[in-house]
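Notes for the one structure printed next.
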Amino acid sequence: MKFSEFIVPAAIRTDIKAEEKEPAIREMVQALVEAGAVNPENYEGIVKAILKREELGSTGIWRGIAVPHTKHPGVQRVVGMVALSRTGVEFNSLDGERVHLFFLLVSPPDRPGDHLRALEHIARQLRDEKFTRVLKQAQTAEEVQQLLQEADNGQPRVRAKV
Amino acid sequence: MGPSVVRKARISAPDGVHLRSAAALASAVKQWNAEVTLRKGEQKANAANVLEILTLVALEGDELLVEATGPDAEFAAEAVVRLIENGFELPSEENLGNQASQ
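Top to bottom, those sequences are chains G and X. For the first sequence, the numbering used here begins at 1 and goes up steadily by one. For the second sequence, the numbering used here begins at 163 and goes up steadily by one.
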């Protein structure tokens with residue numbers, strides 16, 4: 001599943017302010033609400049569900065990158081956003097690093113395959129160090145969106161060997 | 163090079179191999195002195211690498227081939243097969259969203 005099929009462009013944020021886990025997740029879910037991808041009445045439920053999921057084990061799994069996520073009946077398809085933090089967020093990551101790049105996902109409970117296909121695409125791209133490095137340096141939502149598009153299309157700029 | 167072990171395992175978890183189960187698999191593999199590869203059809207993944215495991219998109223009912231080499235190959239393969247067939251022995255995420263929204 002390509003980024004363009006689940007990342008909501010209007011929810012991309014390149015400078016989240018929070019430095020702790022819960023406020024950072026609130027900022028990111030709020031971005032999905034503001035983009036119209038999540039109903040405001042589901043905001044609190046989704047935040048709490050993501051926090052509960054984090055209690056089972058941090059999703060900060062890879063070199064300053066985290067993939068907070070949950071299932072929630074309030075969405076009909078996988079919706080996601082990308083967020084960058086300049087200062088880094090304390091996220092109890094497995095490697096102890098602060099998180100600078102987030103992919104946040106909310107998936108419908110009855111479609112586990114779609115969640116896995118979104119995760120697969122993220123995981124596949126994150127293995128490309130140049131992609132993650134350039135993405136972390138993006139300054140605007142448009143730049144992020146362009147990099148995601150290039151990754152979707154397998155273009156050389158982001159897929160070239162470092 | 164130690165013995166080579168090949169085992170089959172069918173995914174029993176209804177949600178397939180998601181992030182948490184991939185992390186559980188990778189940390190189980192790292193406890194042993196063995197290299198473990200997971201195969202799903204033509205695709206393969208280093209079982210000690212969470213990102214590689216996720217690229218398999220292993221769904222409930224899928225059959226994985228577990229290939230282990232190294233001195234602890236038997237133990238590593240057994241640990242991986244057991245995890246896969248027991249649904250990763252993780253607490254369920256089912257209904258987290260429903261509970262939280264009530």
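Ideal placement from N, C-alpha and C gives every residue a C-beta, glycine not left out.
> Ends of the alpha helix (DSSP H) at GLY45 of chain G?
Replying inline: Taking the first sequence and counting its residues from 1, the one referred to as residue 45 of chain G is at position 45. Run containing GLY45 of chain G: 43–55, per the alpha helix (DSSP H) assignment.
> Where does GLY80 of chain G sit, in a helix, a strand or coil, going by DSSP?
Replying inline: As a working mapping, residue 80 of chain G is identified with position 80 in the first sequence. Residue state, collapsed to three classes: strand.
> Closer than 8 Å, CB to CB, is PRO112 of chain G near chain X or not?
Replying inline: Against the first sequence, residue 112 of chain G aligns to sequence position 112. Answer yes: the Cβ-Cβ gap between PRO112 of chain G and chain X drops below 8 Å somewhere.
> At a Cβ cut of 7 Å, what residues of the region 50–67 of chain G count as close to chain X, listed as they run along the chain?
Replying inline: LYS52, ARG53, LEU56, GLY57, THR59, ILE61, TRP62 and VAL67
> Nearest-angstrom Cα distance between VAL8 of chain G and PHE237 of chain X?
Replying inline: Against the first sequence, residue 8 of chain G aligns to sequence position 8. Against the second sequence, residue 237 of chain X aligns to sequence position 75. Computed Cα separation, rounded: 44 Å.
> What's the gap between the Cα of SER183 of chain X and the Cα of ARG98 of chain G?
Replying inline: In the second sequence, residue 183 of chain X corresponds to position 21, counting from 1. In the first sequence, residue 98 of chain G corresponds to position 98, counting from 1. Whole-angstrom Cα-Cα distance: 23 Å.
> Mind checking whether ALA239 of chain X and VAL228 of chain X have CB atoms under 8 Å apart?
Replying inline: As a working mapping, residue 239 of chain X is identified with position 77 in the second sequence. As a working mapping, residue 228 of chain X is identified with position 66 in the second sequence. Less than 8 Å separates the beta-carbon of ALA239 of chain X from that of VAL228 of chain X.
>> Am I right that VAL120 of chain X and ALA209 of chain X are in contact with their C-beta atoms under 8 Å? What's the rounded C-beta distance?
In response: Because chain X in this structure spans residues 163 to 264, residue 120 of chain X falls outside the shown range and cannot be described.
> Which of helix, strand or coil does DSSP assign to GLN205 of chain X?
Replying inline: In the second sequence, residue 205 of chain X corresponds to position 43, counting from 1. Of the three classes helix, strand and coil, the one that applies to GLN205 of chain X here is strand, per DSSP.
> alpha helix (DSSP H) containing GLU229 of chain X: first to last residue?
Replying inline: As a first step, residue 229 of chain X is located in the second sequence; it is residue number 67 there, counting from the start. Counting along the chain, GLU229 of chain X falls outside any alpha helix (DSSP H), though it belongs to the beta strand (DSSP E) covering 225–231.
> List, in order along the chain, the chain G residues whose C-beta lies closer than 7 Å to that of ALA185 of chain X?
Replying inline: Numbered from its first residue, the second sequence carries residue 185 of chain X at position 23. Within 7 Å Cβ-Cβ: GLY57 and ILE61.
>> On a Cα-Cα basis, can you pick out the residue from X:ASN195, X:ALA230, X:PHE250 and X:ASN248 that is closest to ARG169 of chain X?
In response: Position 7 of the second sequence holds residue 169 of chain X. Looking at the Cα atoms, X:ALA230 is the closest of the given residues.
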